[in-house]
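Protein chains in written order, with this note's numbering: chain A, 514 to 809; chain B, 1289 to 1578; chain C, 148 to 512.
Using N, Cα and C, we set each Cβ at its ideal position, and we do this for glycine too.
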Amino acid sequence: MVDATPAPLVNPRAGQVALRWLLFAILALFALFYLMPLFVMITTSLKSLDEIRSGSLVALPVQVTFEAWRTAWSSACSGIQCEGLRPYFWNSVALTVPAVAVSTLIGAVNGYVIAQWKFRGANLIFSLMLFGCFIPFQVVLLPMARTLGFMGVAGTIPGLIFVHVIYGIGFTTLFFRNYYVTIPVELVKAAKVDGAGFFRIFWSIFMPLSLPIMMVTVIWQFTQIWNDFLFGVSFSQAGTQPVTVALNNIVNSTTGVKEYNVNMAAAIIAAFPTLFVYAVAGKYFIRGLTAGSVKG
Amino acid sequence: MAAWLERNVPRILLAPSFLAVLVFVYGFIAWTAWVSMTRSRLLPKYEIEGFIQYERLFAAPRWDTAMNNLFIFGALFIVVSMLLGLLLAILLDQKIRTEGALRTIYLYPMALSMIVTGTAWKWIMNPGLGIEAMVRGWGFDEFAFDWVIDPDMAIYAIVVAAVWQASGFVMALFLAGLRSVDEEIIRAARVDGIPTWSIYSAIIIPSMAPIFLSAFIVLAHLAIKSFDLVIALTGGGPGYATDLPATYMYAMAFSRGDIGQAASSAMVMMTVVFAIVVPYLYSELRAKRG
Amino acid sequence: MEAMLEIRNLDKSYGATEILKDINVSAEPGGFLVLVGPSGCGKSTLLNCIAGLESISGGSIHIGGRDMTHVSPKDRNIAMVFQSYALYPTMSVARNITFGMKVRGVDRATRASKLQDVARQLQIEQLLDRRPSQLSGGQRQRVAMGRALVRDPQLFLFDEPLSNLDAKLRVEMRLEIKKLHHDLGATMVYVTHDQIEAMTLATKIVVLKDGVVQQIGSPAEIYRRPANLFVADFMGSPAMNLIPARTSRESGGTRIEIERTGGAPVVLIDTRNGDLPEEVILGLRPEDIAEAGFRAGEEVQEVKCLIDMVEPAGADTFVVSRLAGRQVTARLHSETTAQPGSTLDLAFDLGKVSYFAQDTGERLN
Ligand SMILES: Nc1ncnc2c1ncn2[C@@H]1O[C@H](COP(=O)(O)OP(=O)(O)O)[C@@H](O)[C@H]1O
Ligand SMILES: [Mg+2]
C-alpha cells in the first residue's frame, strides 16, 4: 500500500495547477481537523489553570508548566483515591502484556491447525469463532461477571486477562488463519515426507514465516486490550482498574475544581502507548485494521 | 497410542479454543437469553416468565430514547464517515507526494481509546472554555456551541467525535480498495478518453462494492457497540439524552441492579448486530468455500 | 522380480465424491513409472496416497515389499518433489536440503558430506547459502531435486516437477532427470499432464482419466495401440485423427467408407482387420498419412483430398483436410507444395490403423 504509486488520474497540466493547489488546501484543512484535538490536548496540558481560563483554546502556552503532568501521573484524584494514573497505568501493562502474548500464541496455533491441518469440522469451528468476534460484548457481560466470581478471580487482573484472552482468540485465530492459508499446503507435505511432525513443522517452518502477521496480531491485540473500557469497568474493582477506567474516573471526578490541564495530561498518558506503537509500526496497525474488517 | 496422538494433535489443540467459544460465547448468549425471560433483578432467577422483560424494555422511555439515539447516531456516523473516508481516499489517490504523512495524520485517532477521544472532545466542546469561548474571543459574542450540554444536540456532539475517530480508518479501507483496482483497466479507460470523474464514478467505485459493504459492517458494528465514547463525552447525559442501548444495558446491569432489563436489552443489541453481520459473514464464508 | 511399488484395488474418496477408483498399478525396481492424464483426473491425489500424505479409502499400497498402507509418510522411505517445489522459504538452500536429515537425527558430519555430494551432482554448490526467494525457477527446481536426492530413498515421487519452468528449461531438465534415473538406477514415479514428458521419460505409462486407469503399458504400446478413444486422443501431438467410418465385408478384406461433403466418400480397403462392426471410429496418427509417393507398403492407399489449411512447422508441414466432418491432419515433409484450396493425393498407411467402437470407445483391433 505504501509504495504503490499509480499514475495520477488528475494530470498536472498547466490549467490544472490551480486545481492541484485546491486539492492540497483541502487535504491540509482535513489534516488540521484531525490534528487539532491532539494539539489542544498537548497545549492545554502544558498550561496552568489560570492561563486556561483566561486564554483561547488554541493559543500556545505562554508559561509552559509540567505541573499538570506530575499531578496526572502521581496525585490526581479519582473518587476517593488520589494516586494519579500511575498505579492504573501499571495495571494496564500488567494485564495487557500477558493477555496479548497468550491470545496471540493461541491464535497462531489455531490458525495453523485450521489453515494447514484441516480436519472434518475445522471449518465449522472457524465459522463459529468468526461469528463470536462480532457479538456485542454486552451479551456476555452478566454471565462473565458471575463466572469470574465463581472462579474466584472477580475484580482481579488475572480475571481481566482471562476475559481478554477468551474474546481475543477469535480475532487472533482469524489473522493467523488468513495468513497461513496463503502458504501452499505442499510445504507441510514436503516437511512430512522429510520426517517432521506437527510441532516441528510449526516451529521450524511456520514460525520463521510469521513475523509480519505476528506484528499485526500483537499490535491489534495490544491496541484493543489497552484501549478497552467495557471489560475494564465491568470486571475490575478499586485497585485493579486499567488506565482507561482510571482516566474516565479522574475526568469525571466530582470532587474539587475541574483541572482541565490535568485531564488532558492524563488522557495523553493513557493514549501514549498505543500512539507510540502507531508511530513506530503504523504499517502493521493499518494492516490489522483492514484485515480485521475486510477479512481476506 | 502414539500414532493416535500424532494423528489427533490438531484436533486436541483446537479443542480448548472450541470449547471456550462454545461456552463463553454461545453458552453465555444462551444464558443471557434465558435470564432475559425471567424476573431477575439484583440476582438472576431461572424461572422462565415469558417476555415480560421485553415488554418492560419497550415500554421504558429511556430505552426508547436509547434506540432513537442509536438510529440517529448510527445513521449519521456511518454516512458521514463513509463520505468523508471516500472523499479523503480519492483526494489522496491523486499521487500526492505527502501521502504517507497525511495518511498517518488521518488515521491516528483510530489508535486512541474512545475514552481519550471522548475526554479530548469534551474539553474542545466545553461551552465555557472550548470552541465557543474561542470564537467569542474572536469577537463573535453571540456564537453558541454548547452541544454537549444541550439535550437535543448532545447526540450530534458524539457523532462529531466518533466521525473524527473512525473516518480515517474508512479512508484507509477505501484507499486500499482504490489501489486494488486493476491498473490496466484504468489505463484502458484513459486511452479511451474517459474523464477522471467518470473513471471514478463508473469504473473504480462500482468495483469497490465489497469494500463499501465491509466498511458499512464495521461502522454499524462500532455504532451498536459504542459505549466508551458516550460515557467519556456525555456520560449518557444531559439526563438520558445521549443514552445508547450499550449504556442502558450497562446502567441496568451494574448500577440499577436490574439484571432482567440488562439481559433483554443485550439480547436486542445482539439481534440488531446479527441482523447486519450474519448475512454478511455467511456470504463471505460461502464465497470462500465455493 | 518383486515390484518396488505395488498398488492394489486402491480407492480414494473425499466425502461422497470418489476421486480414485480401483487403481491397480505396480512399478518394477529401477523402473520409471509415469502417471499421465488431464488436470483434475486424480494424479496428484494418487501420488499423495503413495506418499502417505492422504489416507486411502480402500485397497493397499506396498513399497519395497512392505505393506505401507497405514504407515506415515516419514517411515515410507520415499522422497518427493512438488510442482511448486515447496522449498522452506526461510531456510537457506543448504538447510532446505539437510532439514530432513536433521529431523531424523543424522549427525552433522554426515549431513555436510551428503550435502556436498548432492550439490556437486546437481551443480548447485554456489547456491547453498541463498534463500529460495533468491533463486531462479530452474535453480529452485534443482534444490527441490537435491532435497529428494539426499534422502537416497527406495522410491522417488515427482508431482509435475517441470510444469513451472519455461519451455527450454523444461526440455533440459527432462533430459537431466532421465540421466539421473539412469545413473541412480532408482525407482521413480512421475506425475505429469504433459504427454511428451510421459513418452520421453517413462519405462511404463499409466493413463488416468476421472480417477480410472485407462491403459498401462510401455510408451510404444500406448502410442501405437491406444486402448480407447480417450488415450488415442490424449497421447500424441498433434493428436491422432479419429474419423467416423462405415465398414462392410468385401472379398479383398474390409471396405472402409468415410463420408465427405462435396465429394464421393473416401474408400479404403483393409486387408488385415476383419470382424469390425458396421460403425467404427478409425484412428490414424498424422505421421501415418503422408504425401503420395513418400510412403510405400502393402497397406498404403492413396486418396485425393481437398486441402483446407497448411501449417509449416519447421521440420514438417502439417496439412488439414476435412473428412466426415472432422479435421484430419497429415504430417508431410517440409518441401511439400500443398496449397490451401488445392487437392493433393494423400497416402493412408492402414498398417498403423486403430479401430474404436463408436459407442464404448474401446479399441477393436
Ligand atoms: N481435499 C480435497 N477435497 C475434495 N476434493 C479434492 C481435494 N483435493 C483434490 N480434490 C479433487 O480431486 C480431484 C483430483 O485432484 P488432483 O489429484 O489434484 O488432480 P490432478 O493432480 O490430476 O490435476 C479434483 O477433481 C479435485 O477437485
Ligand atoms: Mg496435480
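Check: Chain A contact for B/G1523 (CB, 8 Å cutoff); Outcome: yes
Check: Length of the line joining the Cα atoms of B/T1386 and A/A783; Outcome: 29 Å
Check: Residues in the segment 1390-1412 of chain B having any Cβ partner in chain A nearer than 9 Å; Outcome: L1390, R1391, T1392, I1393, Y1394, L1395, Y1396, P1397, M1398, A1399, L1400, S1401, M1402, I1403, V1404, T1405, G1406, T1407, A1408, W1409, K1410, W1411, I1412
Check: Alpha-carbon to alpha-carbon, C/I436 and C/I343; Outcome: 21 Å
Check: Reduced DSSP category for A/P611 - H, G, I as helix; E, B as strand; rest coil; Outcome: helix
Check: Residue closest to C/H329, alpha-carbon to alpha-carbon, out of C/E319, C/G178, C/I428, C/G440; Outcome: C/G178
Check: Inter-residue CB distance, A/T556 and A/G620 (contact presumed, cutoff 8 Å); Outcome: With 8 Å as the limit, A/T556 and A/G620 do not qualify as a contact, their Cβ atoms being about 40 Å apart.
Check: Members of the segment 1434-1465 of chain B that neighbour chain A once the beta carbon cut-off is set at 8 Å; Outcome: W1452, G1456, F1457, A1460, L1461, L1463, A1464
Check: Where A/R566 meets chain B, residues with beta-carbon distance less than 9 Å; Outcome: G1416, L1417
Check: Partner residues on chain A for C/R251, Cβ-Cβ distance less than 9 Å; Outcome: D707, G708
Check: Beta carbon nearer than 7 Å to a non-hydrogen atom of ligand 2; Outcome: C/S186, C/K190, C/S191, C/Q230, C/D306, C/E307, C/V338
Check: Nearest to C/L296 (by Cα), restricted to the options C/N243, C/D254, C/E319, C/V318; Outcome: C/N243
Check: Cβ-based burial, B/A1503 [other Cβ within 10 Å; buried from 16]; Outcome: buried
Check: C/I166: CB within 7 Å of a non-hydrogen atom of ligand 4; Outcome: Among the ligands in the structure shown, ligand 4 does not appear; only ligand 1 and ligand 2 can be found there.
Check: Exposed unless 16 or more other CB atoms sit within 10 angstroms - verdict on C/V290; Outcome: buried
Check: Range of the contiguous beta strand (DSSP E) that encloses C/E404; Outcome: 400-405
Check: C/I390 in three-state terms, based on DSSP; Outcome: strand
Check: Cutoff 8 Å: A/L788 Cβ touching any chain B Cβ; Outcome: yes
Check: Under 8 Å (Cβ pairs) to chain A, residues found in the segment 1493-1523 of chain B; Outcome: P1498, I1499, S1502, A1503, I1505, V1506, H1509, I1512, K1513, F1515, D1516, I1519, A1520, G1523
Check: Interface flag, C/L193 vs chain A, CB-CB below 8 Å; Outcome: no
Check: Start-end ranges of the alpha helix (DSSP H) lying completely within the segment 1413-1469 of chain B, minimum 4 residues; Outcome: 1419-1425, 1442-1468
Check: Beta-carbon contacts of B/I1505 that lie in its chain and below 8 Å, excluding the five residues immediately before and after; Outcome: I1564, V1565, Y1568
Check: Whether A/A635 touches B/L1302 by CB criterion (8 Å); Outcome: yes
Check: As assigned by DSSP and simplified to three states, the class of A/S605; Outcome: helix
Check: Same chain, Cβ closer than 8 Å to A/Q594, five either side skipped, listed in chain order; Outcome: A751
Check: Chain-order list of residues whose beta-carbon lies under 6 Å from that of B/S1324 (same chain, five-residue window excluded); Outcome: Q1341, A1551, S1552, M1555
Check: Proximity test, Cβ basis, 8 Å: A/P725 and chain C; Outcome: no
Check: Closer than 8 Å at the beta carbon, the chain C residues around A/P656; Outcome: Result: empty, since nearest Cβ-Cβ is about 37 Å, beyond 8 Å.
Check: Enclosing beta strand (DSSP E) for C/A477 [first to last residue]; Outcome: 473-480
Check: heavy atom of ligand 1 below 7 Å from C/G184 C-beta; Outcome: yes
Check: Residues of its chain near C/D357, where Cβ-Cβ distance is below 7 Å and the 5 sequence neighbours each way are ignored; Outcome: C188
Check: Cα-Cα separation between C/G410 and C/A226, rounded to whole angstroms; Outcome: 59 Å
Check: C-beta atoms of B/Y1396 and A/Y791 nearer than 8 Å; Outcome: yes
Check: C/C196 CB to nearest heavy atom of ligand 1 below 7 Å; Outcome: no
Check: Other residues of its chain near B/L1372: CB distance less than 8 Å, five sequence neighbours each side excluded; Outcome: V1451, S1455, V1458, M1459
Check: Interfacial residues, the segment 619-652 of chain A to chain B, with Cβ spacing under 8 Å; Outcome: I619, V622, N623, V626, I627, W630, F632, A635, N636, I638, S640, L641, M642, L643, F644, G645, F647, I648, P649, F650, Q651, V652
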